[in-house]
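*Asks:* Structure below; questions to follow.
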Amino acid sequence: LFMIDDHKGSMTAGQEICVPATVIETPPLLVCAVRLYVSTSRGLNTVSEVWASDVPRELSRVIKLPKKYDAQKTLERAEELVKGGKVADIRVIACTQPKMTNLPKKKPDIIEIRVSGNSVEERWNYSKEILGKQVRISDVFKEGEYVDVLAITKGKGFQGPVKRWGIKILPRKTEGGRRQVGTLGPWSPARVMWTVPAAGQMGYHQRTEFNKRILKIGSDGKEITPKGDFLRYGPVRSEFVVLSGSVPGPTKRLIQLRRPVRPRPTLPTSPPSITHVALSSHQGA
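Residue numbers (my numbering): 191 to 475.
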């Protein structure tokens with residue numbers, strides 16, 4: 191897409207620039223339960239859970255749902271624990287809704303998210319408000335803000351040291367092979383160090399990329415879906431977010447977004463001025 195460069199001190203400040211971006215479909219998260227923790231000598235332990243009365247039936251593909259559950263009675267017990275000052279931490283259990291996207295996937299993913307606040311009572315009241323409701327990306331993030339991206343990278347399988355670590359290919363007359371490390375290390379210490387490049391698993395690792403700027407947040411997928419749809423994915427049917435740069439993983443893999451843990455105060459945080467979004471076909475038509 192094209193936008194106006196709003197980085198102060200940049201050579202192209204105030205000019206129209208081309209920015210590579212990634213479109214991520216973000217259907218709302220559904221808050222299924224509230225989990226209460228108590229502080230012990232061995233850390234935090236779960237003391238109570240309050241589940242919503244109307245959780246989606248697709249959740250039974252992940253966990254075993256109870257047939258008889260009194261949500262109101264469990265809520266009253268949790269209320270007593272909070273008022274008694276026994277609760278040390280409050281978190282919510284949320285699940286994704288892949289049925290709202292173009293994916294054939296039906297099994298939701300579950301994630302536990304800590305609820306922030308000034309006091310336990312304030313966090314508890316907010317958790318009760320969102321229990322059983324949907325949380326949209328526009329409720330958490332805004333355009334121009336920065337996020338950290340967590341995902342599992344593309345799997346490459348078992349690869350050699352040349353592809354895996356980028357070592358130099360040995361000369362033609364090397365005895366024993368060329369696509370291998372030239373030396374395994376010195377005589378002493380009498381063992382192969384972990385720093386020596388070796389063959390092994392490449393890809394399919396969890397990675398975190400910091401400070402990805404949110405360029406756009408929208409709810410109409412037609413304004414961002416190119417002609418012929420996205421390759422190996424299809425059209426965007428629900429809410430979406432456009433991030434600057436690239437993100438780890440293949441097209442249909444789950445991606446987590448969080449607040450930046452290493453924010454850079456010099457970066458602009460105002461909503462960017464987007465002038466054009468390229469919607470030409472990715473199929474070469």
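Think of the CB as a built atom: it goes at the ideal place given N, C-alpha and C, for glycine as much as any other residue.
Excluding the five sequence neighbours on either side, which residues of its own chain have a C-beta within less than 6 Å of the C-beta of Leu-447, listed in chain order?
*Replies:* Hits under 6 Å: Val-337.
*Asks:* Which whole-angstrom value describes the C-beta separation of Trp-241 and Ile-280, a residue pair presumed to lie in contact below a C-beta threshold of 8 Å?
*Replies:* Incorrect: roughly 15 Å between the Cβ atoms, too far for contact.
*Asks:* Check Tyr-259 in the structure and name its three-state DSSP category.
*Replies:* Note: Tyr-259 maps to coil in three-state DSSP.
*Asks:* Can you tell me which of Thr-291, Pro-298, Lys-363, Arg-368 puts its alpha carbon nearest to the alpha carbon of Pro-425?
*Replies:* Out of Thr-291, Pro-298, Lys-363, Arg-368, Thr-291 has the C-alpha closest to the C-alpha of Pro-425.
*Asks:* Based on the DSSP output, what are the partners of Arg-362 in its beta bridges?
*Replies:* Paired residues: none, contrary to the question.
*Asks:* Starting from Glu-312, follow the alpha helix (DSSP H) in both directions and report where the run begins and ends.
*Replies:* Looking at the DSSP string, the run of the alpha helix (DSSP H) that includes Glu-312 is 310 to 320.
*Asks:* Using a Cβ distance threshold of 8 Å, determine whether the segment 361 to 372 contacts the segment 415 to 431, with at least three qualifying pairs required.
*Replies:* At 8 Å Cβ cutoff, the stretches do not touch.
*Asks:* Please report the straight-line C-alpha distance between Ile-207 and Val-310, rounded to a whole angstrom.
*Replies:* Those two C-alpha atoms are separated by around 46 Å.
*Asks:* Taking the alpha carbon of Thr-456 as the point to measure from, which residue in Val-339, Asp-260, Ile-194, Lys-198 has its own alpha carbon closest?
*Replies:* Cα-wise, what sits closest to Thr-456 is Lys-198.
*Asks:* How far does the alpha helix (DSSP H) with Lys-346 in it extend, from its first residue to its last?
*Replies:* Here Lys-346 belongs to no alpha helix (DSSP H); instead the beta strand (DSSP E) covers 345 to 349.
*Asks:* Taking the alpha-carbon positions, what's the Ile-407 to Trp-355 distance?
*Replies:* The alpha-carbon atoms of Ile-407 and Trp-355 are separated by roughly 37 Å.
*Asks:* From Val-237 to Lys-346, what distance separates their C-alpha atoms?
*Replies:* Cα-Cα distance, rounded: 42 Å.
*Asks:* Quick one: what's Lys-406 bridged to in DSSP?
*Replies:* Per DSSP, Val-432.
*Asks:* Under 9 Å between the Cβ atoms of Ser-463 and Val-209?
*Replies:* No; because the gap between Cβ atoms is not below 9 Å, this pair is not in contact.
*Asks:* Looking at C-alpha atoms only, which residue of Lys-353, Lys-358, Ile-300, Glu-335 is the closest neighbour of Pro-246?
*Replies:* Nearest option by C-alpha distance: Ile-300.
*Asks:* Which ranges does the beta strand (DSSP E) cover as unbroken runs of at least 3 residues, wholly within the segment 270 to 299, from first to last along the chain?
*Replies:* The segment 270 to 299 contains these whole beta strand (DSSP E) runs: 279 to 285.
*Asks:* Which residue wins for smallest C-alpha separation from Leu-469, given the options Gly-411, Ser-200, Ile-342, Ile-445?
*Replies:* It is Gly-411.
*Asks:* Beta-carbon within less than 8 Å of Met-193's beta-carbon, same chain only, minus the 5 sequence neighbours each way: which residues are those?
*Replies:* Result list for Met-193: Glu-206, Ile-207, Val-209, Leu-405, Pro-462, Ser-463, Ile-464, Thr-465, in chain order.
*Asks:* What span of residues does the beta strand (DSSP E) with Gly-233 cover, start to end?
*Replies:* Counting along the chain, the beta strand (DSSP E) containing Gly-233 begins and ends at 233 to 241.
*Asks:* Would you list the residues sitting across from Ser-229 in a DSSP beta bridge?
*Replies:* Answer is Leu-234.
*Asks:* Less than 9 Å between the beta carbons of Lys-353 and Met-392, yes or no?
*Replies:* Cβ distance < 9 Å, so Lys-353 and Met-392 count as in contact.
*Asks:* Any idea what DSSP makes of Leu-340, helix, strand or coil?
*Replies:* Correct three-state label for Leu-340: strand.
*Asks:* Using C-beta distances below 7 Å, list every residue in its chain close to Asn-235, excluding the 5 sequence neighbours before and after it, in chain order.
*Replies:* Here the set comprises Tyr-227, Val-228.
*Asks:* For the putative contact between Pro-438 and Arg-397, defined by C-beta atoms under 8 Å, what is the C-beta separation to the nearest angstrom?
*Replies:* About 5 Å separates the two Cβ atoms, so the contact holds.
*Asks:* Under the three-state reduction of DSSP, which class applies to Thr-264: helix, strand or coil?
*Replies:* Thr-264 falls in the helix class under three-state DSSP.
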